[in-house]
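A short worksheet on the structure shown next.
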Amino acid sequence: EAFPGAQVLVAKDGKIIYHEVFGFHTYQNEVSVKHSDIYDLASVTKISAGLPIIMQLHSIGEFDLNATWGDYYPEFRHTNKADLKWKDILSHQARLEPWLPNWKLTQRRSGKFKWFTVRKKPSEKYSIQLREDLYLNKKYRPKILKAIKKSPLLKEYGYKYSGLAFYVLPDMLTNMIKTDFETYLNEKIYKPLGATTLGFKPLEKFPKSRIVPTERDSVFRHTLMQGIVHDEGANMMGQVSGNAGLFSNANDLAKLMQMYLNQGTYGGIEYIAPETIALFTKCHFCEDGNRRGLGFDKPMIDYVRSESHTAKEASSASYGHSGYTGTFVWMDPKYDLLFIFMSNRVYPSRTHRNIYKLDIRPRIQEAMYDSIYELKKKEAKRKLRKIGRA
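If you count the sequence shown from 1, position 163 lands on 166 in my numbering, and the numbers rise without skipping.
Dropping the structure here:
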């Protein structure tokens with residue numbers, strides 16, 4: 004058992020060639036996975052929310068990768084992060100802490116919530132939904148930003164995956180684009196793409212029955228998470244962040260990823276300049292042992308099967324991202340190939356790690372590349388036969 008169910012999508016040359024669903028929402032085998040079902044994307048949000056806006060700004064000369072955190076976010080100008088360059092931040096080598104246990108801010112040592120932290124009914128003050136019947140005091144959103152400001156920098160320079168900067172992207176980018184972050188994404192990117200299920204807070208738009216559950220949270224929200232973001236920090240930020248929070252089905256997520264693969268264009272509309280796509284999906288610090296692109300993940304520099312999310316056959320030009328809940332996207336421009344895998348591997352618990360132990364995603368990718376090779380062989384043989392008959 005690696006996950007209760009999954010959606011798998013493969014597109015080649017801009018066309019979907021494989022799109023299947025497997026299993027159920029949970030191990031109780033009561034609800035079968037459908038193509039229309041919606042998954043919590045977790046860290047796939049990193050390349051699907053703040054990053055496309057940053058790339059759009061870069062395309063028109065309004066985002067300088069050598070600018071600092073303090074340049075674009077005045078609230079951080081008098082912190083130890085003021086001089087961190089965005090090229091380093093997006094490459095995960097800015098010496099930021101990997102994560103902060105923000106949910107602990109709400110609890111006493113006993114594990115119970117502090118006074119004036121939560122209420123069972125929403126109000127202007129208690130407006131952040133944690134579960135169906137629990138709402139968080141909105142003061143915790145600035146508390147998280149304060150915790151990020153005060154967090155120490157790591158002593159050693161080098162690659163260290165961190166989501167901290169991605170939490171602040173909604174506020175920072177809202178200031179830069181002069182439009183609400185979520186509204187901009189919906190109106191300028193997701194809706195024009197036709198990605199109707201891609202977005203934050205899916206319970207506001209879709210029935211709960213369409214949303215695949217993630218984890219039975221036993222430490223913070225004490226319920227089965229379904230339709231509310233699994234990531235505790237993103238939840239406390241109001242379910243909108245650049246780190247996690249997006250939901251989608253495979254088909255709608257594929258539209259955004261295909262836009263990247265098309266060098267920034269989809270349906271005749273250019274969303275991002277091709278030069279920007281090329282820059283952000285390139286490995287900039289491979290010589291330092293850092294495989295990452297700008298926001299995007301890249302294949303391992305020295306491939307180790309047991310440590311890799313990708314198949315060995317993935318080209319050095321390929322890029323994508325994984326999500327903690329069991330999601331994964333990968334684009335390979337060398338083969339014009341898109342692979343999307345959606346699952347809820349954290350059900351019933353995040354300790355459930357068989358998806359890694361069994362190499363599920365690399366094995367599916369290997370089969371995908373093998374099938375492409377076989378198709379090429381068949382096409383070559385067909386052409387040779389045609390030449391022979393001429």
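C-beta atoms are modelled at their ideal positions from N, C-alpha and C, and glycine is treated no differently.
The bridge partners DSSP lists for E23 are V11.
Bounds of any alpha helix (DSSP H) do not take in L341; it lies within the beta strand (DSSP E) bounded by L340 to S346. When only Cα atoms are considered, K258 and F116 end up about 41 Å apart. DSSP assignment within the region 199-259 yields the following whole alpha helix (DSSP H) runs of 4 residues or more, N-terminal first: 235-239. In the structure shown, R364 falls within a helical segment according to DSSP collapsed to helix, strand and coil.
C-alpha of F169 to C-alpha of D183: approximately 16 Å in a straight line. The C-beta of L87 has 16 or more other C-beta atoms within 10 Å across all chains shown, which makes the residue buried. Taking a cut-off of 8 Å for Cβ pairs, the region 4-11 and the region 287-295 do not touch, as fewer than three such pairs fall below it.
Take the alpha-carbon of L361 and the one of R308: they are about 11 Å apart. The beta-carbon distance between A253 and H28, rounded to whole angstroms, is 15 Å. This is too long to meet the 8 Å contact definition.
Contact check for L137 and K123: beta-carbon distance about 6 Å, within the 8 Å limit, so the pair qualifies. By the Cβ-count criterion, V222 is exposed, with fewer than 16 other Cβ atoms from all chains shown falling within 10 Å of its own Cβ. By the Cβ criterion, the region 301-316 is in contact with the region 351-367, since at least three pairs of Cβ atoms, one from each stretch, lie closer than 8 Å. It is roughly 15 Å from the alpha-carbon of R111 to the alpha-carbon of Y143.
Fewer than three pairs of CB atoms, one per stretch, sit closer than 8 Å, so the region 280-287 makes no contact with the region 238-256.
Residue pairing from DSSP places M334 in a beta bridge opposite Y322 and L341. Here L172 really is in contact with G245; their C-beta atoms are around 3 Å apart, less than 8 Å.
Per the C-alpha coordinates, the member of Y327, F344, G323 and T328 positioned closest to M334 is G323. Taken in chain order, the complete alpha helix (DSSP H) segments of 4 or more residues contained in the region 93-153 are 143-153. A distance below 7 Å between beta-carbons, with the five flanking residues on each side excluded, links E185 to the following residues of its chain, in chain order: F203 and V243. Restricting attention to L133, N357 and K141, the CA atom closest to the CA of E127 is found in K141. Judged by DSSP secondary structure, V171 falls within the alpha helix (DSSP H) whose first and last residues are L167 to I180. For the pair E369 and F344, the Cα-to-Cα distance works out to about 13 Å. For I280, the enclosing alpha helix (DSSP H) covers residues P277 to F283. Contact annotation: E218 and S346 have beta-carbon atoms that are not nearer than 8 Å. For E185, the uninterrupted alpha helix (DSSP H) run begins and ends at F184 to Y187, by DSSP.
By the C-beta density criterion, H95 is buried, having at least 16 other C-beta atoms within 10 angstroms.
Shown here, I41 sits in a strand according to DSSP, grouped into three states.
In this structure, I214 is the residue among I214, W102, G236 and M240 with its C-alpha nearest to the C-alpha of M228.
In the structure shown, E273 adopts extended strand secondary structure according to DSSP, grouped into three states.
Under the criterion of beta carbons closer than 8 Å, K15 and I375 qualify as touching, at roughly 7 Å.
In this structure V332 is in contact with V47, their Cβ atoms being roughly 6 Å apart against a cut-off of 8 Å.
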